[in-house]
Structure formats: C-alpha cells, structure tokens
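Residue numbers (my numbering): 5 to 141.
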C-alpha cells in the first residue's frame, strides 16, 4: 500500500452552518460541496487546500458515530480522522490486514464524493482513525 497523498482531514463539528464561515475564512475558499451520507448518519462539507481537502462532519442523529465522538470530546468535536488516497482501496485493505492492522471495514464501501472507502481501527494505528480512499473511476 502506497498512498499518493493525504486525501482529507475529517473534522467533527456540531453545526456546519456555524462552522463553514470559519473554514471559508481559514482556507480562503468557498465550501464546494455539501452532502448527506445517510448510511453514516452525517452531513459533510468540503474545502480544498491544495491537493488536500478538509471534510467537516455534522451528525444527523444522536446515535451517529460523529455525535458520540463530539460528546466524548466535551461537545467540542475536533479532528476525527486522517484519510489517505490509494489507487485500490480493496487491495490496500487486504495489505493492511496482512500486516496485522485491525480493520473496521473488511471491504470497501461508498463514502462522500463517491469515493470508495475503508477505515483502519485506531487500536492499530497509533490511536488515530485512518481512512483509505479510492477516487471514482
């Protein structure tokens, strides 16, 4: 597995509406995409910074993983995950598992922006949730 670049940083927030203006100021660019990812129970907003993106994640229900993450962090949210771009996420997941890395996703699934994604468990990745992303063909 050899990532080509950091695809995005995922940041959990309580409110996209309240947070987007700050990131537009910080990045010097407008949010270019807002979408709901129903199966992950989140609404996302994206900003580009060079080749890397910032993904803001707002929970759409109290049971979502992002809502629990925000609650665990005292209601503040924060950096949720680091995502790496790979050529083939299915192969990258197999390589990670063969290297003894605990997987959250054994097979790729669809994420925001039509990416195919798979997560690596923080227990195996220095305490940081890692995501592998494959661009749509």
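Backbone N, C-alpha and C fix where the C-beta goes; we use that ideal spot for every residue, glycine too. No experiment lies behind these values; they were computed from the predicted model shown.
Residue 91 - DSSP class collapsed to helix/strand/coil: The answer is coil: DSSP assigns residue 91 none of H, G, I, E or B.
Flag this pair as touching only if the region 37–47 and the region 60–76 have three or more C-beta atom pairs under 8 Å; answer yes or no. The region 37–47 vs the region 60–76: in contact.
Just to confirm, is the Cβ distance from residue 5 to residue 99 under 8 Å? Yes, Cβ-Cβ distance for residue 5 and residue 99 is below 8 Å.
List in chain order: all unbroken beta strand (DSSP E) runs of 3+ residues lying wholly within the region 62–89. Qualifying beta strand (DSSP E) stretches, in chain order: 82–89.
If you run the structure through DSSP and keep just helix, strand and coil, what is residue 111? Correct three-state label for residue 111: coil.
Which of the three DSSP states is assigned to residue 31 in this structure? Reduced to three states, the DSSP call for residue 31 is helix.
Assuming contact is defined by CB atoms lying nearer than 8 Å, are residue 55 and residue 9 in contact in what I supplied? Yes.
Are there 16 or more other CB atoms within 10 angstroms of the CB of residue 63, so buried, or fewer, so exposed? Label assigned to residue 63: buried.
Does the Cβ-Cβ distance between residue 106 and residue 127 come in under 8 Å? Closer than 8 Å, so yes.
Alpha carbon to alpha carbon, what distance is there between residue 80 and residue 28? When the Cα atoms are used, residue 28 and residue 80 turn out to be separated by approximately 19 Å.
Tell me whether residue 122 is buried or exposed, calling it buried when 16 or more other Cβ atoms sit within 10 Å of its Cβ. Under this definition residue 122 is a buried residue.
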